[in-house]
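Reading through the structure tokens given below for one structure.
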Amino acid sequence: MPEHKNPNLKISLKENYMYFTLPMALNYQRDSYALWKCANKMYSEFPNIFDSHMVCAMEPEEIKNILVRYKVALQPNKQPVIWSTLCRTIEQDFAGDIRNLFSVMEYNVSSIKNYIQGNKKKFPYLGGNKICNYWLYVMEQYTDVKFQDRENITVAPDTHVIQASTKLGLITEKEAQQAEAQTLVTERWERVLAHTDIVPIDIHTPMWLWSRGKFQVPLEK
């Protein structure tokens, strides 16, 4: 997956949590592999841009120049503001450490999502249903966080997951074109997996890769 391109920090470090948080809010309508490749390079050369305290002390133009220079921000006016807003929220509300959000919410997914989505202005784009659920999944995969109720991390219905769900007949072609397609996909995967040991978010990676690979199935040897 795209997030495999990372600095290989110790998984328990605050810096590691920040690395997998800030770029996530800029991960929309773009190549995810390119984003995380750029984020990895930016961290190796300018790690301070991932530190909320340092970012809050920077001038807006400096933040913009760094993010644009490394192509982490493709929208030079909008995306640096998103990055700065998240850093300000983390710095002011959680003492500069996103791990404090999880501990305050007692590692409860439902509480975390309700808090973030109830304060979307403080968590731009990270508060969106699709990105919020996928971000929590990435936190599980690349940090040492352990959530009490990971079953409440729902499927992240991005374009690839919607296309794969359509291919499987979970939703119709017509439904996939509707405004509520994301909601339909989320609800139907929850229904299908309700009495299984599979948590909805766990189907994300295979569905995403299957769709991105144009639904090609390798031949058996």
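3 is the number of the first residue of the sequence shown in the numbering used here; add one for each residue after it.
Glycine included, C-beta positions come from ideal geometry on N, C-alpha and C.
Remember, predicted model here, so these are calculated numbers, not experimental data.
(1) Could you check the C-alpha separation between residue 2 and residue 162 for me, to the nearest Å?
(2) Going residue by residue through the stretch 24-76, where are the continuous alpha helix (DSSP H) segments of at least 4 residues, counting only ones entirely within it?
(3) Between residue 166 and residue 209, is the Cβ-Cβ spacing less than 8 angstroms?
(4) Going along the chain, which residues of its own chain have a beta-carbon closer than 6 angstroms to the beta-carbon of residue 81, five neighbours each way excluded?
(5) Secondary structure at residue 204, three-state DSSP: helix, strand or coil?
(6) Helix, strand or coil, according to DSSP, for residue 95 in the structure here?
(7) Whole angstroms is fine: what's the gap from residue 21's alpha carbon to residue 52's?
(8) Can you tell me which of the three DSSP states residue 300 falls into?
(9) Could you tell me the distance, in whole angstroms, from the CA atom of residue 12 to the CA atom of residue 90?
(10) Which term fits residue 5, buried or exposed, when burial requires 16 or more other beta carbons within 10 angstroms of its beta carbon?
(11) Touching or not, the stretch 91-104 and the stretch 60-72, by the rule of three or more beta carbon pairs under 8 angstroms?
(12) Roughly how many angstroms separate the alpha carbons of residue 221 and residue 3, rounded to a whole number?
(13) In this structure, how does DSSP classify residue 100 when only helix, strand and coil are distinguished?
(14) With residue 187 and residue 173 assumed to form a contact (beta carbons below 8 angstroms), what rounded beta-carbon distance in angstroms separates them?
(15) Can you tell me which of the three DSSP states residue 165 falls into?
(16) Excluding the five sequence neighbours on either side, which residues of its own chain have a C-beta within less than 6 angstroms of the C-beta of residue 129, listed in chain order?
(17) Please state whether DSSP places residue 209 in a helix, a strand or coil.
According to the data block:
(1) With the chain represented from 3 up to 223, any question about residue 2 goes unanswered, as that position is not in the structure.
(2) 34-47, 54-59, 62-71
(3) yes
(4) 28, 75
(5) helix
(6) helix
(7) 6 angstroms
(8) Since the first residue of the chain shown is 3 and the last is 223, residue 300 is not available in this structure.
(9) 24 angstroms
(10) buried
(11) no
(12) Low confidence applies here, because residue 221 scores a pLDDT of 47, under 50, leaving its location unreliable and the question unanswered by this model.
(13) coil
(14) 6 angstroms
(15) helix
(16) 118, 119, 122
(17) helix
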